[in-house]
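Structure record follows, encoded as structure tokens.
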Amino acid sequence: MAKYLLTKKDLLIWLKKLQQEYEVLAPVKEKKVYNFGHWDGKSLPDKSYQNTLKPPKDLFFPQHEILLKYKKVKGQRPIIKAADLPEEKRVIFGIRPCDAKSLSLLDKVFLGEEYQDPFYQARRLNTLIISLVCREPKESCFCTQPFSVEGSDIVLFELNDKYLVEPISEKGKNCFPSASYCEADFHIIDKIKEIKINTYEEIASADLTEKLDLIFDSPIWKELQEKCINCGVCSFLCPTCHCFDITDNQQGSKVRNWDSCMFSGFTKQASGHNPRPSGTERLRQRVMHKFKYFPDKYGVVACVGCGRCVEKCPVNLDIRQVLLQIKNGGEKLECRM
Amino acid sequence: MIVLEKIKEKAKELLAENKVEVVLGFTRGTLPGKCTPYFARKVDEVENFVWEEGCNHNLANYLTKLSQKAAIIVKGCDSRSIINLIKENQITREQVYIIGGTCPSTGECPDCQHQEAVIADYKISEGEGAIEDSFQDVLEFEKLSPEARKEYFYKEASKCIRCYACRNACPACYCKECFVEENLPSWVGKTTGIGDNIIFHLTRAMHVAGRCIDCGACVRACPMGVNLSLLNRKMLKDVQEMFKNVSGLSLDTELALNEYKQDDSQKFLIGGE
Ligand code: SF4
Ligand code: SF4
Ligand code: SF4
Ligand code: SF4
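Those protein sequences? They're chains R and Y, same order as listed.
Each residue of the first sequence is one higher than the one before, starting from 115 at the first, in this note's numbering.
Each residue of the second sequence is one higher than the one before, starting from 8 at the first, in this note's numbering.
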């Protein structure tokens, strides 16, 4: 597909133009940490930008969201009102390819054949995704497809002081005035090869899924989870984790909140019985869901290798190590780069 | 290095002689500067232990979940948590063999007063005694206006994503069912709105008052950089001043909230003396 060469100034002008019509969100730095926020209209993420602390999923599937409101009126039927659908038109600029891909995975869940979530759908339709390819992976990253265009409407490559812009989707093509810019020749496109890629062979491969088929009852889960403290870090910071719980609040609203399979309350039933009573079953669920059930159902693993869980796990329970250990039948592997 | 050798020697001996079934310590992690909890059950696994910068998780946290007879390699804060867990009948003294060292992390916890284990069956001492806590940070904070203090806590709490890593990393937070998980009645909403977040953090702070030993595990566990240690330290200071009590220093003293005296200070109550 055609790629166009833009100077930094060109890029800013184009984004400014988009800003007239869209709310532009970009990685915003606060105390050494990046998160998506309102773009100030002038700064672009500098070299210190590797990825955002929080994944972009909450821009589509917020941590808590009112689904409907109800009111009891004595002697009458209760009044139920669905929440309004979000209408804001947005651009997300600077999302990393792994995270853009995670959106295509979330689509399978929230925009699948069986169910379509109207809130998620509205946000997806109203949002243009402009991804920015990494220059160098983080120590904790293990994505193997840094040039993946999945989930992106437009892909950007950073080349020293210039940018290569590649519109991908129809939506992307319509928002990019390609006639105003020069197409990049192959000399320039070749420079993409200088971008560093992690040397991981694919950790989550087909043979892993096969292996997982056989080890549901294996004692390995108990061993692997022993140091896990069953917090929500790995699932809440994961761009693809999407489990939720629906509760009522005192104001008469049904609220959807993120939930995590690592919490004891996740599977606790009204009787008090818990089918996943300990950390062993919970860690197994997390791994199985990502690398077995999700691929079984949708044909692709539910991990994009962003490394957030690796970096932020309070006890350094490294998913890469877990997967390698499963693949190697219990043998421990050094996973340091 | 010598400390690590002594630790390993002891751990091997305990496992070889079947005195314990598991030894809790640290091994090197998968990211630079990180160490990770490690459970050695065989003599040769002991070689994987490290004792260095990065061994900063509070290992006492695991004792309440272990059913086996265990040895644990501790620094000052872990050892103080163990004392509290014994005082609160969560574990027994006999169930755990304590290998006490001096904290290998340097400069990470500026207010630490007890780098050396305060209780141990086998102590590897480096002679660093206890230091008096001056609570300088709390004193400075107390001088701020109520609005400024509120602003600080709101700012910190607003970053929280309610992953509960702070609670789960905390050895004092061992409740089988935490108030945040109860839903009949629901004590606190599940959203990350500032109201719910503040209620979560203030309630947790009250629940660990007089029991928190300021190990900082909660702050280190937090992925979002929420730092409410000032809140914990204010509690620490109040308990110390009002009840003349510092928890986790000796098996002979009760925790402040575990006993009642007629002349207990009431100053923590609104309008109390
Ligand atoms: S499992 Fe970990 S590495 Fe994979 S997508 Fe989720 S947070 Fe990223
Ligand atoms: S972040 Fe780490 S400790 Fe927390 S649940 Fe995930 S694996 Fe367990
Ligand atoms: S509240 Fe924090 S500092 Fe206090 S004991 Fe628990 S983890 Fe340690
Ligand atoms: S660890 Fe941090 S983000 Fe998680 S609940 Fe505690 S304060 Fe909130």
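Just so you know, even glycine gets a beta-carbon here, dropped at the ideal spot from N, CA and C.
(1) Taking the Cβ atom as the reference point for each residue, do Asn312 (chain R) and Cys255 (chain R) lie within a distance shorter than 8 Å?
(2) Considering only C-alpha positions, which residue in the set Y:Lys76, Y:Lys130, Y:Leu22 and Y:Phe160 is nearest to Leu237 (chain Y)?
(3) For Asn65 (chain Y), is the beta carbon positioned less than 7 Å from some heavy atom of ligand 3?
(4) Can you tell me whether DSSP reads Gln453 (chain R) as helix, strand or coil?
(5) Which whole-angstrom value describes the C-beta separation of Ala384 (chain R) and Tyr118 (chain R), a residue pair presumed to lie in contact below a C-beta threshold of 8 Å?
(6) Taking the alpha carbon of Val247 (chain R) as the reference point, which residue from R:Phe271, R:Glu264, R:Glu253 and R:Arg238 has its own alpha carbon closest?
(7) Are the beta-carbon atoms of Lys183 (chain R) and Lys195 (chain R) separated by less than 8 Å?
(8) Per DSSP, what are the beta-bridge partners of Gly151 (chain R) in this structure?
(9) Which residues does DSSP list as the beta-bridge partners of Gly32 (chain Y)?
(10) What do you reckon, are the CB atoms on Pro141 (chain R) and Pro169 (chain R) nearer than 8 Å?
(11) Which residue from Y:Lys41, Y:Leu262 and Y:Val145 puts its Cα closest to that of Asn91 (chain Y)?
(12) Is the CB-CB distance between Asn63 (chain Y) and Thr34 (chain Y) below 8 Å?
(13) List the endpoints of the continuous alpha helix (DSSP H) containing Asp245 (chain Y).
(14) Can you list, in chain order, the residues of its chain with a C-beta nearer than 6 Å to that of Arg80 (chain R)? Leave out the 5 residues immediately preceding and following it.
(15) Could you give the DSSP three-state label for Ala116 (chain R): helix, strand or coil?
(16) Taking just the CA atoms, how far does Asn388 (chain R) sit from Ser378 (chain R)?
(17) Would you check if the distance between the CB atom of Gln122 (chain Y) and the CB atom of Gly83 (chain Y) is smaller than 8 Å?
(18) Three or more C-beta pairs under 8 Å: does that hold for the region 391–408 of chain R against the region 228–247 of chain R?
(19) Is the Cβ-Cβ distance between Ser245 (chain R) and Val279 (chain R) less than 8 Å?
(20) Quick check on Lys123 (chain R) - is its C-beta less than 8 Å from some C-beta in chain Y?
(21) Report whether the distance from the Cβ of Cys348 (chain R) to the nearest heavy atom of ligand 2 is below 7 Å.
(22) Report the residues of the region 30–45 of chain Y with a CB closer than 9 Å to any CB of chain R, ordered along the chain.
(23) Run down chain A in chain order and give the residues with a C-beta less than 8 Å from the C-beta of Asn430 (chain R).
(24) For Gln104 (chain Y), list the residues DSSP reports as bridge partners.
(25) Would you tell me roughly how many angstroms separate the C-alpha atoms of Ile79 (chain Y) and Leu66 (chain Y), rounded to the nearest one?
(26) Return the residue from the list Y:Arg211, Y:Met213, Y:Gln269 and Y:Asp203 that minimises the CA-CA distance to Gln364 (chain R).
(27) Taking the C-alpha atoms as reference points, what is the distance between Cys375 (chain R) and Cys357 (chain R)?
(28) Could you compute how far the alpha carbon of Tyr104 (chain Y) sits from the alpha carbon of Thr198 (chain Y)?
(29) May I ask whether a heavy atom of ligand 5 can be found less than 7 Å away from the beta carbon of Asn68 (chain Y)?
(30) Taking only beta-carbon positions, decide if Tyr254 (chain R) is within less than 8 Å of chain Y.
(31) Judging by CA-CA distance, which residue of Y:Lys15, Y:Tyr69 and Y:Met242 is the nearest neighbour of Leu209 (chain Y)?
The answer reads as follows:
(1) yes
(2) Ranked by Cα distance from Leu237 (chain Y), the first of Y:Lys76, Y:Lys130, Y:Leu22 and Y:Phe160 is Y:Phe160.
(3) yes
(4) This structure cannot speak to residue 453 (chain R), because chain R is shown only from 115 to 451.
(5) Going by Cβ atoms, the distance from Ala384 (chain R) to Tyr118 (chain R) rounds to 58 Å, so no, they are not a contact pair.
(6) R:Phe271
(7) yes
(8) R:Ala140
(9) DSSP output for Gly32 (chain Y) lists Y:Tyr45 as bridge partner(s).
(10) Taking 8 Å as the Cβ cut-off, Pro141 (chain R) and Pro169 (chain R) do not qualify as a contacting pair.
(11) Y:Leu262
(12) no
(13) Ser236 to Phe250 is the extent of the alpha helix (DSSP H) around Asp245 (chain Y).
(14) One cannot answer for residue 80 (chain R) here, as it falls past the ends of chain R, which runs 115 to 451.
(15) Coil, per DSSP.
(16) One C-alpha to the other measures close to 8 Å.
(17) yes
(18) no
(19) no
(20) Output row for Lys123 (chain R): interface = no.
(21) yes
(22) Arg35, Gly36, Thr37, Leu38, Pro39, Lys41, Cys42, Thr43, Pro44 and Tyr45
(23) Protein chains in the displayed structure are R and Y, and chain A is not among them.
(24) According to the sequence shown, residue 104 (chain Y) is Tyr rather than Gln. Beta-bridge partners of Tyr104 (chain Y) (DSSP): Y:Ala78.
(25) 8 Å
(26) Y:Asp203
(27) In a straight line, the C-alpha of Cys375 (chain R) is about 8 Å away from that of Cys357 (chain R).
(28) Separation of Tyr104 (chain Y) and Thr198 (chain Y) (C-alpha to C-alpha, rounded to the nearest whole angstrom) is 42 Å.
(29) Absent from the structure shown: ligand 5. Ligands present: ligand 1, ligand 2, ligand 3 and ligand 4.
(30) Residue identity differs from the one stated: residue 254 (chain R) is Ser in this sequence, not Tyr. Yes, Ser254 (chain R) counts as interfacial toward chain Y.
(31) Y:Met242
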